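S.K.: Take a look at the following structure, please.
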Amino acid sequence: MLIFAAGTSEGGDGELSQGDDVEGEDEEEGEEGEEKEDELHEDDFNLTDEEDEERDARLKRQEKRKLVEEFDEREKTLTEKAKRDPAFLEEKEAMDTMGAELEDAEAKDKEAAEKLARKKEEKLQELEAEKAARKLLAKETKRRESIASGKILWKKRSLASR
Numbered sequence: 110m111l112i113f114a115a116g117t118s119e120g121g122d123g124e125l126s127q128g129d130d131v132e133g134e135d136e137e138e139g140e141e142g143e144e145k146e147d148e149l150h151e152d153d154f155n156l157t158d159e160e161d162e163e164r165d166a167r168l169k170r171q172e173k174r175k176l177v178e179e180f181d182e183r184e185k186t187l188t189e190k191a192k193r194d195p196a197f198l199e200e201k202e203a204m205d206t207m208g209a210e211l212e213d214a215e216a217k218d219k220e221a222a223e224k225l226a227r228k229k230e231e232k233l234q235e236l237e238a239e240k241a242a243r244k245l246l247a248k249e250t251k252r253r254e255s256i257a258s259g260k261i262l263w264k265k266r267s268l269a270s271r
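Just so we're aligned, residue 110 is where the sequence shown starts under the working numbering, counting upward by one.
Laid out in structure tokens, this is it:
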């Protein structure tokens with residue numbers, strides 16, 4: 110964006126021409142935005158696999174949402190043009206076909222999200238089963254140790270009584 114301000118250009122006439130630009134607040138805001146983008150990229154490297162998958166899914170949904178919005182806007186203008194001029198009818202039909210394809214892609218995306226949720230649930234169940242198995246193993250080990258120590262005490266008593 111060009112910002113015009115009072116001052117002199119190289120011509121020294123005191124007026125600004127269209128080629129003159131003045132640095133201002135817009136550049137400072139742009140730098141802050143770049144810093145935020147850098148922070149986001151640094152955070153991307155610290156994600157776990159699940160968080161990375163969630164981020165990728167979220168980004169895909171945002172992309173598709175944007176495409177759908179652009180598609181809807183274009184379809185709306187084509188519909189209006191088709192009402193006025195039959196030459197746009199072919200393009201509108203092509204847009205309708207693309208709309209059906211987009212809906213199919215959205216359905217597949219929904220299925221992928223459900224699959225990811227099922228995968229997370231299965232992993233959680235596996236972790237719970239593993240935890241229960243470790244608890245059971247610890248309990249069994251403790252029982253065996255107590256039995257073994259009891260046998261040792263019994264043997265010591267029997268040897269002492271002889």
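Virtual Cβ for every residue (Gly too), placed ideally from N, Cα, C. Keep in mind the model is a prediction, meaning the values are calculated, not measured.
Cα separation between S255 and S267?
M.R.: Taking the first residue of the sequence shown as 1, we reach residue 255 at position 146. Taking the first residue of the sequence shown as 1, we reach residue 267 at position 158. About 18 Å.
S.K.: In angstroms, rounded to a whole number, what distance separates the CA positions of D218 and E210?
M.R.: Reading the sequence shown from its first residue, position 109 is the one you call residue 218. Reading the sequence shown from its first residue, position 101 is the one you call residue 210. Each residue's Cα considered, the two are about 12 Å apart.
S.K.: Is D194 helix, strand or coil when you go by DSSP?
M.R.: In the sequence shown, the residue the question calls residue 194 occupies position 85. If DSSP states are grouped into helix, strand and coil, D194 belongs with coil.
S.K.: Evaluate contact between the region 222–229 and the region 156–172, counting only Cβ atoms and requiring at least three cross-stretch pairs below 8 Å.
M.R.: Short answer: they touch.
S.K.: Secondary structure at G139, three-state DSSP: helix, strand or coil?
M.R.: Residue mapping note: residue 139 aligns to position 30 of the sequence shown, counting from 1. Reliability of the predicted coordinates at G139 is poor, the pLDDT of 48 falling under 50, and the value obtained from them is presented with this limitation in mind. Three-state DSSP puts G139 in a helix.
S.K.: A166: which of A221, A214 and E202 sits nearest, CA to CA?
M.R.: On the sequence shown, position 57 is the one that residue 166 refers to. When only C-alpha atoms are compared, the closest one is A221.
S.K.: Which runs of the alpha helix (DSSP H), 4 residues or longer, sit entirely within the region 207–236?
M.R.: Complete alpha helix (DSSP H) runs here, min 4: none at all.
S.K.: Indicate the three-state DSSP secondary structure (helix, strand or coil) for T186 in the structure shown.
M.R.: Within the sequence shown, the letter at position 77 stands for residue 186. Of the three classes helix, strand and coil, the one that applies to T186 here is helix, per DSSP.
S.K.: Do L187 and E200 have their C-beta atoms within less than 8 Å of each other?
M.R.: Here residue 187 refers to the residue found at position 78 of the sequence shown. Here residue 200 refers to the residue found at position 91 of the sequence shown. Yes, Cβ-Cβ distance for L187 and E200 is below 8 Å.
S.K.: Which residues in the same chain have their Cβ closer than 6 Å to the Cβ of A241, if we skip the five residues on either side of it in sequence?
M.R.: If you number the sequence shown from 1, residue 241 lands on position 132. Cβ within range, chain order: n/a, list empty.
S.K.: How big is the Cα-Cα spacing for A247 and K264?
M.R.: What you label residue 247 is simply residue 138 of the sequence shown in a count that begins at 1. What you label residue 264 is simply residue 155 of the sequence shown in a count that begins at 1. Going by the C-alpha atoms only, they are around 26 Å apart.
S.K.: Once DSSP output is grouped into helix, strand and coil, what is the label at T250?
M.R.: Counting from 1 along the sequence shown, the entry for residue 250 is found at position 141. It is helical.
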